[in-house]
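First comes the structure, then the notes that go with it.
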Amino acid sequence: MPNSLPPGFTLAGPDCTTMIEVRAGVDALDRELVALLARRFAYMDAAARIKPARGHVRDEARKTQVIDNARAEAAKLGVPDAAVADLWERLVEASIAYELAAFDRR
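Using my numbering, you'd call the opening residue of the sequence shown number 58 and step up by one each time.
Now the structure itself:
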């Protein structure tokens, strides 16, 4: 059995039979997640450009809505919704910090 897989080779989670396959799949997903985060932060750049005042960056009602949406999607997909909500809390706070910095650079 080889100790690594060819670059780009992954199996669906249920099809994995070795930890090498599991890790390759997780690593591939992590690369995709980072690419998606880059796209998400590009929207924060746009928001910082569009919002008329720095005080408009933090919107607690919108933050709650975003976290609730993620929690509902997680529940629908059968993944731990509390864990997803916790991740989204951190993601939204990081996004707000990023957007504030982008606003200050304009």
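Ideal Cβ placement from N, Cα and C applies to all residues, glycine included.
- Inter-segment contact for the region 147-161 and the region 129-139 is absent: fewer than three beta-carbon pairs are separated by less than 8 Å.
- It is roughly 34 Å from the alpha-carbon of Asp-84 to the alpha-carbon of Arg-162.
- For Phe-66, the CB contacts under 7 Å within the same chain, skipping 5 residues up- and downstream, are Ala-81 in chain order.
- For Val-149, the enclosing alpha helix (DSSP H) starts and ends at 138-162.
- Two segments are said to touch when three or more pairs of C-beta atoms, one from each, lie closer than 8 Å; by this definition the region 68-78 does not touch the region 88-96.
- Here the alpha carbon of Ala-159 sits roughly 13 Å from the alpha carbon of Pro-109.
- Residue environment for Glu-156: buried (at least 16 other C-beta atoms within 10 angstroms of its C-beta).
- Distance between Gly-112 and Ala-131, taken at the CA atoms: about 31 Å.
- In the displayed model, Val-114 falls within coil according to three-state DSSP, outside both helix and strand.
- Taken atom to atom, the span from the alpha-carbon of Leu-62 to that of Arg-96 is near 28 Å.
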